[in-house]
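The listed protein sequences correspond, in order, to chains A and B.
With our numbering applied, the first sequence covers 351 to 489.
With our numbering applied, the second sequence covers 351 to 489.
Comments concern the structure below.
Protein chains: 2
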Amino acid sequence: MIDIPETVSTIKQAAEFTGLSEDTIRYYEKIGLLPYADRKASGHRTYSKHQLEGMVFLTRLKATGMTLEEMKHFRKLYEMGEASLPERVSILIEHKNRIQNEIDRLLETQRMIDFKIDKFKEAFVNPDLNKKWKSPFAD
Amino acid sequence: MIDIPETVSTIKQAAEFTGLSEDTIRYYEKIGLLPYADRKASGHRTYSKHQLEGMVFLTRLKATGMTLEEMKHFRKLYEMGEASLPERVSILIEHKNRIQNEIDRLLETQRMIDFKIDKFKEAFVNPDLNKKWKSPFAD
DNA sequence: TCTTGACTTGGAGTGTACTCCAAGTTGTAT
DNA sequence: ATACAACTTGGAGTACACTCCAAGTCAAGA
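Laid out in structure tokens, this is it:
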């Protein structure tokens with residue numbers, strides 16, 4: 351059994367792949383969210399495919415509202431090994447629930463916007479309505 | 351025709367009703383997102399039911415990702431009157447689309463989390479799998 | 001009247017997450 | 001050999017959205 355050599359990326363390629371900026375990747379490493387990256391002899395960072403996938407996973411968590419601190423905690427658990435699996439699962443389930451609540455709120459706001467758009471359109475077609483119906487916009 | 355007298359609220363009641371803090375309401379007024387509030391003789395702010403509804407609308411836009419600057423722009427249009435109705439409608443439609451994209455991203459992340467939870471559970475039941483399958487978490 | 005709590009202002013301070021910079025080193029193409 | 005781009009570091013600066021504070025005024029009950 352031989353290890354399949356993984357293609358190795360520069361920080362620039364990592365940034366392209368993940369959508370993070372190079373500065374952000376270095377920043378994440380600095381605050382301990384990403385582990386100290388492997389280096390070439392020159393000191394330049396290198397990333398494996400596996401690491402890039404991990405970063406993308408991070409971006410998904412972040413984009414869905416997880417804070418950097420929570421992600422750091424999750425990573426700490428990951429480093430503790432198998433014993434932390436149950437807690438990691440419960441964190442993910444909890445996060446999934448938060449996402450669901452967020453989706454519900456978004457859907458509700460969409461309905462509210464639709465209602466408002468309808469009102470606007472009515473008011474546009476028949477300006478008289480505008481006098482009776484005052485749009486609530488904090489005034 | 352007589353005006354139905356609207357019940358008038360203090361800033362404290364406004365904060366309770368909207369979920370914003372009193373400081374935040376004053377801050378929104380300071381930056382021009384809310385108009386200069388009506389005052390009692392004492393100088394204390396008062397809010398009508400209509401104004402409270404407007405504030406709740408604001409909180410919905412904010413909670414779905416609209417920035418304070420965008421909301422200020424929307425309010426400016428509102429103050430310009432009927433002529434701005436088409437632009438206001440298009441802003442709302444645009445925002446609705448942004449919300450839809452956000453929902454899509456959230457759903458996708460939920461699926462990703464489900465996949466990961468399954469993997470974790472497998473690894474927990476059968477620790478051998480954990481050796482073959484490395485969780486990508488940026489390491 | 002006295003006290004207690006609510007409200008006022010302008011401005012300073014905070015938390016999160018970057019983002020940029022200077023000064024120096026390394027890698028690559030000509 | 002000489003550019004020139006890519007990379008390195010520590011630390012400073014920025015953007016957004018609040019959040020808190022001091023010092024003072026106002027309102028309502030005992």
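Virtual Cβ for every residue (Gly too), placed ideally from N, Cα, C.
Setting aside the 5 residues that flank it on each side, Met421(B) is surrounded in the same chain by Leu383, Leu408, Leu411 and Lys412, each with a C-beta closer than 8 Å to its C-beta; the list follows chain order. The bridge partners DSSP lists for Thr396(A) are Asp388(A). The criterion of a C-beta distance shorter than 9 Å is not satisfied by Pro477(A) and Arg425(A). The shortest CA-to-CA distance from Thr414(A) to any of Lys390(B), Pro486(B), Arg455(B) and Asp464(B) is the one to Arg455(B). When DSSP states are grouped into helix, strand and coil, Ser359(B) belongs to the strand group. Nearest neighbour of Glu437(A) by Cα position, chosen from Ser371(B), Ser359(B), Phe474(B) and Lys362(B), turns out to be Phe474(B). Fewer than three beta-carbon pairs drawn from the segment 439 to 455 of chain B and the segment 358 to 373 of chain A are found closer than 8 Å, and the two stretches are therefore not classed as touching.
Those residues of the segment 433 to 461 of chain A placed with their C-beta closer than 9 Å to a C-beta in chain B are Leu435, Pro436, Arg438, Val439, Leu442, Ile443, His445, Lys446, Ile449, Gln450, Glu452, Ile453, Arg455, Leu456, Leu457, Glu458, Thr459 and Gln460, ordered along the chain. Under the DSSP assignment, Phe487(A) falls outside any alpha helix (DSSP H); it carries neither an H nor an E label. Below the 9 Å Cβ cutoff, chain A contributes Gly404, Phe407, Tyr428 and Arg438 as neighbours of Ser485(B), in chain order. His423(A) and Ala391(B) have their C-alpha atoms spaced approximately 53 Å apart.
In the three-state DSSP reduction, Ile381(B) falls in the coil class, being neither helix nor strand. The CB of Ala473(B) comes closer than 8 Å to the CB of Glu432 and Leu435 in chain A, given here in chain order. Between the beta-carbon of Gly404(A) and that of Pro486(B) there is about 4 Å, and that keeps the pair under the 8 Å contact cut. A direct Cα-to-Cα measurement between Ala387(A) and Ile381(B) gives close to 43 Å. With a threshold of 9 Å between beta carbons, Phe424(A) makes contact with chain B. Taking 4 residues as the minimum length, the alpha helix (DSSP H) runs contained wholly in the segment 414 to 451 of chain B are 418 to 430, in order along the chain. Taking C-beta separations shorter than 6 Å and ignoring five residues to either side along the sequence, the partners of Ser359(B) in its chain run Tyr397, following chain order.
For Phe470(A), same chain residues with a beta-carbon under 8 Å away, outside a window of 5 residues either side, are Ser485 in chain order.
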